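Colleague:
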Amino acid sequence: MKYMKERYPQAMFLRQDGEGGGIYHPSVLRTLEQITEVATSILKDADSGLIVFSGCGTSGRLAFMTARTFNKKLESVGKHGCFKYLIAGKDKALFTSQEAPEDDPICGKEMLQEICMNQRKVLFIGITCGLSAPYVAGQLDYCLKNLDVFTPVLLGFNPTNMARNNKIEKWNKTFSDVVSELQKAVSDGKAFILNPVVGPEPITGSSRMKSGSATKILLETIFVGAYTSSQNLTKSKWNPQNHLDIYRAICERVYSVDFSKKISHLIKLGAECLQKNGSIYYLGLDSIGIVGMIDASECPPTYSATLDDVRGFIEGGYTCFGNKEGDLKHLGKHFHISLEDFKTDIAPHLGEKDLVIILSTEGNLSQASFVQSLSCHKAVLAFKDCDIPQEKFDVVIRAQIDNDINLGSVVKDVVDGFRNMYCEMFTKWVCNAVTTGAHVMKGKVYQNSMVDLKVSNNKLYYRSVGIIQKFSNESRDESERYLLKSIYNTDNLSESHCSKTVADHIDVATPLERVVPRAMLAAILKCPISEAEKRLIQEPVIRTVISQTLNSVK
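Set out below in structure tokens:
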């Protein structure tokens, strides 16, 4: 908790210099205002255009959540919902990783074309935290070729000179090429790049955390401003800095001493459950429940967790969830998301190795009476005064947005209208802390690197090579060879192996377990893959076996 506390409130909201700057940098605030103006013009006549959010993995899930939030706001005042979301892999990717579409710029372009057919005005926001996703690159490229219809926005958290320059298979451009073209459109006032520097992630490469939080904050700042202006809720000009101050206050409150102690207890409970091969379950209401579901969906690709290690359920199931494709239960048990599904499928099998966390904005906590009778660890995160029998729960966290947090100078009507949104942010930080901390304690992280990640897309393939190189001190080419040896379970790579494309390697690697740890150990020891596998069997805690191995070769 101490490590995360030092890096979240302070680093995330610092006014950094350099390209882009921090989220409070004057150039960033100016860009926020300019995008807000474009969005406002569409919202004043919601039938005249679309606002489209798009991304892969966490970015795509936040695209869905943002579109859901603001469509509900428009519909609540009798207006047409003009927000749309796109996610690589379609709605299946809202719950499980669908990596192959993330590497497909043509798929991205075609999905954007379909959703924007016959539209005359589209604000498109492509979210890719590392300026790297081919899926989003294809969409931005299409927008740039059709600037009479599209105003493209690139949202990410790297300087533009760090945009990925790796070849994108079956395409004639890199992401860096697209960024260069986008910069020309920015200089002509026809596009925007929003890329504040928010500092390094607590876990290297885990963009679900700081970058994911910054994505949510920036999108909501833009569209609270646009909604407020289009509805004439305030006479003064929208000030994005005041709205950012709310999130800063929430962040500092989450990591304050009194809440930190309770969250630390929750992390410890979660770790104990995962170490015993138990599970963590989020049960939630409305959008707070969706935050828990998103947190759960991020664990398999980040920590090579199983789909059963962390799961989320929501009251009302798909009716409340509100995704484009509707009920997906036919896809299998991991797409059963209602509280009734939890009661039927999960509750009868719970034991002391499991943890259930209730997430609620309501005062009555309708799930509490049911959960308190379960034979497992139990916790509550609630945002209203609740009559909670504290002795029935291991951890109870009560957070009242009005009383606990200084909401600054933002108009009260605005704050009241988006209260759930601020509760979501609080919940995201708590959930991220729980699952990150639990997986760290389980041994899935070594020196802030995700050493048991899935090699399941282009980005994770090259990240895996970098991790192997970092700890083995081998060249990048040799580190990649060790990765391939682990993927194909051989010490003698054939010409056939080496001639395959990265996409071919990923297809083979995606279903495999412990690919990266096995490659790391082989590279450090200069040993056969079979010897590395033997060590992992003897010591299943990956952090421990890597540490022991590195110490033995010093």
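Going left to right, the sequence shown walks through residues 1 to 554 as full-length UniProt numbering numbers them.
Positions of the beta carbon are idealized from the N, C-alpha and C atoms, including for glycine.
Just so you know, these numbers come straight off a predicted model, no measurement behind them.
1) Would you tell me roughly how many angstroms separate the C-alpha atoms of Asp258 and Ile357, rounded to the nearest one?
2) Just how far apart, CA to CA, sit Leu374 and Arg463?
3) Hey, residue 559 and Tyr303: beta-carbon distance below 8 Å or not?
4) What does the alpha-carbon distance come out to for the pair Ser456 and Pro26?
5) Decide if Arg518 is buried, meaning its Cβ has at least 16 other Cβ atoms within 10 Å, or exposed.
6) Which residue comes first and which comes last in the beta strand (DSSP E) that contains His377?
7) Where in the region 249 to 333 do unbroken runs of the beta strand (DSSP E), each at least 3 residues long, occur, reported from the N-terminal end onward?
8) Taking Pro240 as the reference, which of Leu269, Val395, Thr36 has the closest Cα?
9) Can you say whether Cys498 is buried or exposed, counting buried as having 16 or more other CB atoms within 10 angstroms of its CB?
10) Please report the straight-line C-alpha distance between Gln139 and Lys392, rounded to a whole angstrom.
11) Output the distance between the C-alpha atoms of Asn551 and Pro511, rounded to the nearest integer angstrom.
12) Can you tell me which of the three DSSP states Arg68 falls into?
13) Measure the C-alpha to C-alpha separation of His265 and Gly156 and round it to an integer number of angstroms.
14) Going by DSSP, name the residue or residues bridged to Arg398.
15) Below 8 Å on the Cβ atoms is my contact criterion, and I expect Leu460 with Lys92 to pass it. Report the Cβ-Cβ distance as a whole number of Å.
16) Say whether the region 375 to 382 touches the region 343 to 355, bearing in mind that this needs 3 or more beta-carbon pairs closer than 8 Å, one atom from each stretch.
17) Asp148 CB to nearest chain B CB: under 8 Å?
18) Taking the continuous alpha helix (DSSP H) assigned at Ile23, which residues delimit it?
19) At the level of alpha carbons, what is the spacing between Gln275 and Arg311?
20) Contact between the region 143 to 158 and the region 478 to 493: three or more CB pairs below 8 Å?
21) Alpha carbon to alpha carbon, what distance is there between Ile125 and Leu536?
22) So is Lys5 buried or exposed if we call it buried at 16+ other beta carbons inside 10 Å?
23) How close, in whole Å, do the beta carbons of Leu307 and Thr96 come, if the pair is a contact with beta carbons under 8 Å?
24) Buried or exposed for Lys442, going by 16 or more other Cβ atoms inside 10 Å?
25) Within 10 angstroms of the Cβ of Leu147, are there 16 or more other Cβ atoms? Answer buried if so, exposed if not.
26) Using DSSP's beta-bridge definition, name the partner residues of Pro152.
27) Under 6 Å Cβ to Cβ from Ala137, same chain only, skipping five residues before and after it: list those, please.
28) Suppose only complete runs of 4+ residues qualify. What are the alpha helix (DSSP H) ranges in the region 177 to 240, listed by chain order?
29) Does the region 223 to 233 come into contact with the region 194 to 207, if we say contact requires no fewer than three beta-carbon pairs (one atom in each stretch) closer than 8 Å?
30) Kindly give me the distance between the Cβ atoms of Gly284 and Leu359, rounded to whole angstroms, as I take these residues to be in contact under 8 Å.
31) Pick from Thr215, Ala305, Glu495, Glu539: whose alpha carbon is nearest that of Met425?
32) Note the first and the last residue of the continuous alpha helix (DSSP H) segment covering Gly466.
33) Tell me the rounded alpha-carbon separation between Ile168 and Gly49.
34) With DSSP collapsed to three states, give me the class of Ile51.
35) Starting from Ile524, trace the beta strand (DSSP E) in both directions and tell me its first and last residue.
36) Since Val197 and Gly21 are thought to touch, with beta carbons under 8 Å apart, how far apart are those beta carbons, to the nearest angstrom?
Modeller: Straight from the coordinates:
1) As a first step, residue 258 must be located in the sequence shown, where it is residue number 258. As a first step, residue 357 must be located in the sequence shown, where it is residue number 357. Computed Cα separation, rounded: 19 Å.
2) For the purposes of this step, residue 374 is identified with residue 374 of the sequence shown, where counting begins at 1. For the purposes of this step, residue 463 is identified with residue 463 of the sequence shown, where counting begins at 1. Distance between the alpha carbons of Leu374 and Arg463 is about 41 Å.
3) Outside the modelled stretch of the chain, which goes from 1 to 554, sits residue 559, for which no answer is possible.
4) On the sequence shown, position 456 is the one that residue 456 refers to. On the sequence shown, position 26 is the one that residue 26 refers to. Between Ser456 and Pro26, the C-alpha separation is close to 38 Å.
5) Here the question's residue 518 lines up with position 518 in the sequence shown. Classification of Arg518: buried, given that the 10 Å Cβ count is 16 or more.
6) For the purposes of this step, residue 377 is identified with residue 377 of the sequence shown, where counting begins at 1. Looking at the DSSP string, the run of the beta strand (DSSP E) that includes His377 is 377 to 382.
7) 280 to 284, 310 to 314
8) Residue 240 sits at position 240 when you count from the first residue of the sequence shown. Nearest of Leu269, Val395, Thr36 to Pro240, Cα basis: Thr36.
9) On the sequence shown, residue 498 is found 498 positions in, with the first residue counted as 1. Classification for Cys498: exposed.
10) Position 139 of the sequence shown, counted from the start, is the residue given in the question as residue 139. Position 392 of the sequence shown, counted from the start, is the residue given in the question as residue 392. Each residue's Cα considered, the two are about 50 Å apart.
11) In the sequence shown, counting from the first residue as 1, residue 551 sits at position 551. In the sequence shown, counting from the first residue as 1, residue 511 sits at position 511. Distance between the alpha carbons of Asn551 and Pro511: 31 Å.
12) Translated into positions along the sequence shown, residue 68 becomes position 68. Arg68: helix per DSSP, three-state reduction.
13) Counting from one through the sequence shown, the residue named residue 265 turns up at place 265. Counting from one through the sequence shown, the residue named residue 156 turns up at place 156. Roughly 33 Å separates the two Cα atoms.
14) To locate residue 398, count along the sequence shown from 1; it is residue 398. DSSP, once it has assigned bridges, lists Ala382 as partnering Arg398.
15) Looking up residue 460 in the sequence shown gives position 460. Looking up residue 92 in the sequence shown gives position 92. Actually they are not in contact, since the Cβ atoms of Leu460 and Lys92 sit about 18 Å apart, beyond 8 Å.
16) yes
17) The chain labelled as chain B is not found in the depicted structure, where only one protein chain is given.
18) Looking up residue 23 in the sequence shown gives position 23. Per DSSP, Ile23 belongs to no alpha helix (DSSP H) and is neither H nor E.
19) Stepping through the sequence shown from its first residue, residue 275 is reached at position 275. Stepping through the sequence shown from its first residue, residue 311 is reached at position 311. When rounded, the distance between both Cα atoms is 16 Å.
20) no
21) Residue 536 sits at position 536 when you count from the first residue of the sequence shown. Residue 125 sits at position 125 when you count from the first residue of the sequence shown. If I take the Cα positions, the gap works out to 43 Å.
22) The residue labelled residue 5 in the question sits at position 5 within the sequence shown. Confidence in Lys5 is poor, its pLDDT being 43 and thus under 50, which makes the residue's placement too unreliable to answer from.
23) In the sequence shown, residue 307 corresponds to position 307, counting from 1. In the sequence shown, residue 96 corresponds to position 96, counting from 1. That pair is a contact at about 7 Å.
24) Within the sequence shown, residue 442 is the residue found at index 442, counting from 1. With 16 or more Cβ atoms within 10 Å of its Cβ, Lys442 is classed as buried.
25) Numbered from 1 along the sequence shown, position 147 holds the residue referred to as residue 147. By the neighbour-count rule (16 or more Cβ atoms within 10 Å), Leu147 is not buried but exposed.
26) Translated into positions along the sequence shown, residue 152 becomes position 152. Phe124.
27) For the purposes of this step, residue 137 is taken as residue 137 along the sequence shown, with counting starting at 1. Only Pro105, Phe175, Val178 meet the Cβ criterion.
28) 210 to 230
29) no
30) As a working note, residue 284 is residue 284 in the sequence shown. As a working note, residue 359 is residue 359 in the sequence shown. The pair is a contact, with the Cβ atoms about 4 Å apart (cut-off 8 Å).
31) Position 425 of the sequence shown, counted from the start, is the residue given in the question as residue 425. Considering only alpha carbons, the answer is Thr215.
32) For the purposes of this step, residue 466 is taken as the residue at position 466 of the sequence shown. Here the alpha helix (DSSP H) through Gly466 covers 458 to 472.
33) As a working mapping, residue 168 is identified with position 168 in the sequence shown. As a working mapping, residue 49 is identified with position 49 in the sequence shown. Roughly 31 Å separates the two Cα atoms.
34) Residue numbering aside, residue 51 sits at position 51 when the sequence shown is read from its first letter. Ile51: strand per DSSP, three-state reduction.
35) As a position in the sequence shown, residue 524 is number 524, starting the count at 1. Run containing Ile524: none in the beta strand (DSSP E); it sits in the alpha helix (DSSP H), 515 to 525.
36) Mapped onto the sequence shown, residue 197 falls at position 197. Mapped onto the sequence shown, residue 21 falls at position 21. Indeed, because the Cβ distance is near 6 Å, the residues count as touching under 8 Å.
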